[in-house]
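Here the protein sequences line up with chains A and B, keeping their order.
Residue 1204 in our numbering sits at position 263 of the first sequence, with consecutive numbering throughout.
Residue 1133 in our numbering sits at position 192 of the second sequence, with consecutive numbering throughout.
Virtual Cβ for every residue (Gly too), placed ideally from N, Cα, C.
There are 2 protein chains.
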Amino acid sequence: MADAPLFDRLCLLGVGLIGSSIARAAKARGDIARTVVAHAKTPATLERVRELGIVDVVEPDAAKAVQGADCVIFCVPVGAYAEVGAVVAPHLKPGAIVTDVGSTKGSVVRDLSPLLPAGVHLVPAHPMAGTEHSGPDAGFAELFEGRYCIVTPLPDSDPAAVEKVREFWRRCGSMIETLDPATHDKVVAIVSHLPHLIAFTICSTADDLAEETKEAVLKFAASGFRDFTRIAASDPTMWRDVFLNNREALLEMLARFTEDAHALGRAVRWGQAEYIEDRIRRGRKIRRGLIERKQA
Amino acid sequence: MADAPLFDRLCLLGVGLIGSSIARAAKARGDIARTVVAHAKTPATLERVRELGIVDVVEPDAAKAVQGADCVIFCVPVGAYAEVGAVVAPHLKPGAIVTDVGSTKGSVVRDLSPLLPAGVHLVPAHPMAGTEHSGPDAGFAELFEGRYCIVTPLPDSDPAAVEKVREFWRRCGSMIETLDPATHDKVVAIVSHLPHLIAFTICSTADDLAEETKEAVLKFAASGFRDFTRIAASDPTMWRDVFLNNREALLEMLARFTEDAHALGRAVRWGQAEYIEDRIRRGRKIRRGLIERKQA
């Protein structure tokens, strides 16, 4: 016999790539929630979610959507948490778990903690999964399988609530890790946010080149540049919010990176072959580490 | 009936990823060369090429390898052209075509032109194909299929020799484009060399992080960072030589890129949401261009 559903009523605030993947995973398995309610901001998304039939209730009013839910998951861009949080906080059920899927965690604590009534449990989380596509059509039930989900409880988080969030992600197929929010934000700054900032930058640098060269850029996009454009195709609003909400860690990593890029550029200018080779070998070492961990 | 072979005796100087892929393509098709001779520097590579059985003659002496060849292809790192060129130049057959597969073209003209005897035709070329793997085992006959090959003839190149090099790459399955060497070097600086410099840099920046964070970097390498490590896994000697031999164009593109990265970092620091979104959208535009051209 399958396990009993983890939640009676699960509420998704936002139904993009991640939210719609959670909805599909819950539908595909019987043990996540008895009822899934989804709220989205735009009528077009609400209508599309209805058409897709991936949730039980589609609710245009965020305050109504959270009513009676024993778990509410913020799946909107992290820049919208404070606004959405202010709308829904007074309507949360006592004892409800509030969690999220955002790529920054310090900002969640900053934006949601002050709004939540006593007896509501905040347990931020970050599923390390995604594609360059966005919107309710982009999701799929298997998105989280075999991927890490980082849970970042606060020192005073209720252990039972933390364990429910962990179990939720286990049932979605994820491997669970626990970090404090500040360490999380530093790690994702280097593994995810800085690579995206760099990819957006090199693509827009290319776009600025003279018309003639730009045509050639597109024509001869070798594998190197093609990978950058894939990363750079991600959702603009989401990434704008991620950058603005992980400002300090991102700027620190950007500073380290540009120092290193300048040092490598200087070695190219002065013909320092050994220095260049050494830096290239360091990159390969990281790659080997990924292959050994089967993350490559 | 198949076309007659394009060359009687084709000589490959270097049998890494590209050289061994040419050897395999020539073996797979009957219309490229009657005999393929390969020279490599290290006994281990020579032995491995013998074992693989992908060429007709394995020749440890570069000067002997080129003797009687009507086409000689430099497949060594571009930094070795001057040294290898000095060894082979006196032994080239009158009327022979000398071409190459290097990622920089101005340097080929600089390094080989002064060495070649009158009556030998220099026609530099650059197949825009590759993987992150290197060595004679990494090659495969289909590597060049559907990929661009940029031919960069000199103003005084013999038209018949240029056409033979074009036809050679056509028979390898490539689409042929023609550029002058300087334009080629600028275009590849942005589409290929700078992306590699950036990927090597971010991977070595990550490697420099404190032990604790580095472990997490490997553990949580999200898709963004994983793509960078794939690019950064490329051959160190080859890329060192590419950087040193396309110095000016690469440093110009690096300067443009770091200006743009600093501008985006500044927008993050000052919370300029619109600027950030605009730069992200520019990246998506480039991506759409690739998809329309079926290069994505």
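Check                                                                                                                                       : Outcome
Alpha-carbon to alpha-carbon, A/Pro1100 and A/Phe1085                                                                                       : 23 angstroms
B/Pro1122 - DSSP class collapsed to helix/strand/coil                                                                                       : helix
Members of the stretch 1074-1100 of chain B near chain A, C-beta cut-off 8 angstroms                                                        : Tyr1089 and Ile1091
Simplified DSSP assignment, three categories, for A/Phe1184                                                                                 : helix
Chain B contacts from the stretch 1176-1189 of chain A (Cβ-Cβ distance under 8 angstroms)                                                   : Pro1177, Thr1178, Trp1180, Arg1181, Phe1184, Leu1185 and Arg1188
Three-state secondary structure (DSSP) of B/His1203                                                                                         : helix
A/Ile1232 versus B/Arg1167, B/Gln1213 and B/Pro1096, residue with shortest Cα-Cα distance                                                   : B/Arg1167
Residues in the stretch 1040-1052 of chain A having any Cβ partner in chain B nearer than 7 angstroms                                       : none
Cβ of B/Met942 within 7 angstroms of any chain A Cβ                                                                                         : With a pLDDT of only 48 at B/Met942, under 50, the local geometry of the prediction cannot be trusted, and the value read off the model is given with reservation. No, B/Met942 does not count as interfacial toward chain A.
B/Ala1123 at chain A interface by Cβ criterion, 7 angstroms                                                                                 : no
Unbroken alpha helix (DSSP H) run spanning B/Asp949, endpoints                                                                              : Note, B/Asp949: premise wrong, no alpha helix (DSSP H); beta strand (DSSP E) at Phe948 to Leu954.
Residue-level contact to chain A via CB, B/Ser1145, 7 angstroms cutoff                                                                      : yes
Per-residue contacts from B/Val1209 into chain A (C-beta, under 7 angstroms)                                                                : Phe1184, Leu1185, Arg1188, Leu1191 and Leu1192
Closer than 6 angstroms: B/Arg975 CB and nearest the ligand SAH heavy atom                                                                  : Absence of the ligand SAH from the depicted structure is noted, as is the absence of any ligand whatsoever, leaving it without description.
Straight-line Cα distance separating A/Ser1098 from A/His1032                                                                               : 21 angstroms
B/Ala1174 in three-state terms, based on DSSP                                                                                               : coil
Three-state class that DSSP yields for A/Ala979 in the structure shown                                                                      : strand
Candidates B/Ala1037, B/Val1129 and B/Glu1083, of which the one nearest B/Val1106 by Cα                                                     : B/Ala1037
Chain A contact residues for B/Arg1234, given Cβ-Cβ distances below 9 angstroms                                                             : Leu1159, Lys1160 and Ala1162
Beta-carbon proximity check, B/Cys952 vs B/Val1013, cutoff 7 angstroms                                                                      : yes
Where B/Thr1119 falls, given that 16 or more other Cβ within 10 Å makes a residue buried                                                    : exposed
Under 9 angstroms by beta carbon: chain A residues contacting B/Pro1001                                                                     : Within 9 angstroms Cβ-Cβ: nothing; B/Pro1001 doesn't reach chain A, min ~26 angstroms.
Amino acids of chain B, ordered along the chain, whose beta-carbon sits closer than 8 angstroms to that of A/Lys982                         : Within chain B, no residue comes near A/Lys982; the closest Cβ sits about 17 angstroms away, beyond 8 angstroms.
The stretch 1116-1130 of chain B touching the stretch 1193-1207 of chain A, judged by at least three CB pairs closer than 8 angstroms       : no
Close-in-space but distant-in-sequence residues of the same chain around B/Phe1141 (CB under 6 angstroms, 5 per side omitted)               : Ala1173
Interface partners of A/Ala1202 on chain B, CB under 9 angstroms                                                                            : Leu1138, Ile1139, Thr1142, Ile1143, Thr1146, Leu1195, Phe1198, Thr1199 and Ala1202
Below-7 angstroms beta-carbon distance, A/Met1069 vs any chain B residue                                                                    : yes
Contacts around B/Phe948, its chain only, beta-carbon distance under 6 angstroms, and the 5 residues preceding and following it disregarded : Ala974, Asp1011 and Cys1012
Cutoff 7 angstroms: A/Ile1221 Cβ touching any chain B Cβ                                                                                    : yes
Euclidean distance between Cα positions of A/Ala964 and A/His980                                                                            : 12 angstroms
CB contact below 7 angstroms: A/Val1025 versus chain E                                                                                      : Checking the listed chains, one finds no chain E in this structure; the protein chains it contains are A and B.
Contact set between B/Phe1169 and chain A, taken where Cβ atoms lie within less than 7 angstroms                                            : Pro1136
Distance, B/Glu1000 Cα to B/Ala1079 Cα                                                                                                      : 20 angstroms
Between the CA atoms of B/Gly1224 and A/Ala985 - distance to the nearest angstrom                                                           : 25 angstroms
Min CB distance B/Arg989 to chain A below 7 angstroms                                                                                       : no
Start-to-end residues for the alpha helix (DSSP H) that takes in A/Thr1146                                                                  : Leu1135 to Asp1149
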